[in-house]
Amino acid sequence: LISTHCEDEGIIQSNTRDFRERYGDDVPISCHPEIRSEEACYKSSSLAVSLAKAHGANLHVLHISTARELSLFDQGNIEDKRITAEACIHHLWFHKEDYETMGTLIKWNPAVKNKEDRNAIRQAIKDGRIDIIATDHAPHTLEEKQNTYFKAPSGGPLIQHSLIAMLELYHQGVFGLEIIVQKMSHNPAIRYKIDRRGFIEEGYFADIVISDLNKPYAVREENIISKCGWSPFQG
1465 LISTHCEDEG IIQSNTRDFR ERYGDDVPIS CHPEIRSEEA CYKSSSLAVS
1515 LAKAHGANLH VLHISTAREL SLFDQGNIED KRITAEACIH HLWFHKEDYE
1565 TMGTLIKWNP AVKNKEDRNA IRQAIKDGRI DIIATDHAPH TLEEKQNTYF
1615 KAPSGGPLIQ HSLIAMLELY HQGVFGLEII VQKMSHNPAI RYKIDRRGFI
1665 EEGYFADIVI SDLNKPYAVR EENIISKCGW SPFQG
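Numbering-wise (the working numbering), the sequence shown opens with residue 1465 and increments by one.
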């Protein structure tokens, strides 16, 4: 299995030079999805898919962030596919307008993009074009993240609140519980051939979560487990 993070470096470097000429070192964080653009994502992911088809390769494309890329993937059961795709929690939750309030705390690669991209990715989760939901967990410190655009690293802590965020989307009517279990548990185990995990079955490891779906929960500094001590979901 070949797993790829698809962004075209040539396009990103060219865009970076353009924005440096315009803003110097004070590039606004809202420009992040224009620097790490839709074009950069699609050029790279479409190349990976075309190569996989030409050579019969077994390909898994990580971190889909644009509506345009979804045309590269087919609906269907993960067991029947040789080319699959994954989306991250942050691309299912945040969108470009959130940079205004969240700043570099939601700086990820690939970048969080438009609301239309987010909504299209949500739909692709439901119709089977995207097979897996993941976290891309990267627990940078708050001090690191609160830097200027070029100095702030990309990524954030997401493991602790990934299921909580998905259950909130369930309460909002975005996803059913069955899809959450399939995309976060069953399908990763199938795709990566993880032995005796991902399902509740006799002889499997007892990786079980029991949740009270009607109990309110708020993410606060005092209940964050990650050593970096912050979460993009605080509040």
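Every residue, glycine too, gets a C-beta built ideally from N, C-alpha and C. Here the structure is a predicted model, which means the values were calculated and not measured.
I'd like the list of long-range same chain contacts for residue i, defined as Cβ closer than 7 Å, with 5 residues on each side in sequence excluded.
| i | result |
| --- | --- |
| H1625 | V1683, S1695, F1697 |
| L1641 | Y1634 |
Would you kindly work out how many angstroms separate the C-alpha atoms of residue i and residue j, rounded to a whole number?
| i | j | result |
| --- | --- | --- |
| F1639 | T1565 | 26 Å |
| L1677 | I1628 | 10 Å |
| P1574 | E1473 | 12 Å |
| C1552 | C1505 | 15 Å |
| L1622 | K1679 | 21 Å |
| I1475 | V1525 | 19 Å |
| L1523 | T1605 | 33 Å |
| C1692 | E1685 | 10 Å |
| G1488 | E1607 | 22 Å |
| K1545 | C1470 | 19 Å |
| I1643 | N1651 | 10 Å |
Apart from the five residues on each side of it in sequence, which residues of its chain come closer than 8 Å, Cβ to Cβ, to residue i?
| i | result |
| --- | --- |
| K1609 | T1568, L1569, K1571, A1616, P1617, G1620, W1694 |
Do the CB positions of residue i and residue j come within less than 8 Å of each other?
| i | j | result |
| --- | --- | --- |
| S1529 | K1577 | yes |
| A1670 | A1584 | no |
| I1547 | V1513 | yes |
| L1534 | R1484 | no |
| E1550 | I1589 | no |
Please go through the same chain and pick out, in chain order, the residues whose beta-carbon is closer than 6 Å to the beta-carbon of residue i, but skip the five residues on each side of it.
| i | result |
| --- | --- |
| Y1613 | V1491, I1493 |
| S1649 | G1662 |
Which residue wins for smallest C-alpha separation from residue i, given the options the options?
| i | options | result |
| --- | --- | --- |
| E1561 | I1589, F1669, R1582 | R1582 |
| L1631 | Q1587, I1654, R1655, Y1681 | Y1681 |
| T1480 | N1687, C1495, S1675 | C1495 |
| G1705 | Q1587, G1662, I1654 | Lying before the first or after the last residue shown, residue 1705 is absent from the chain, which here runs from 1465 to 1699. |
| H1601 | S1690, I1644, F1558 | S1690 |
| W1557 | E1502, K1579, L1515 | K1579 |
| P1603 | G1488, I1688, I1597, A1516 | I1688 |
Grouping DSSP H, G and I as helix and E and B as strand, with all else coil, what is residue i?
| i | result |
| --- | --- |
| I1547 | strand |
| V1525 | strand |
| I1594 | coil |
| T1468 | strand |
| G1567 | helix |
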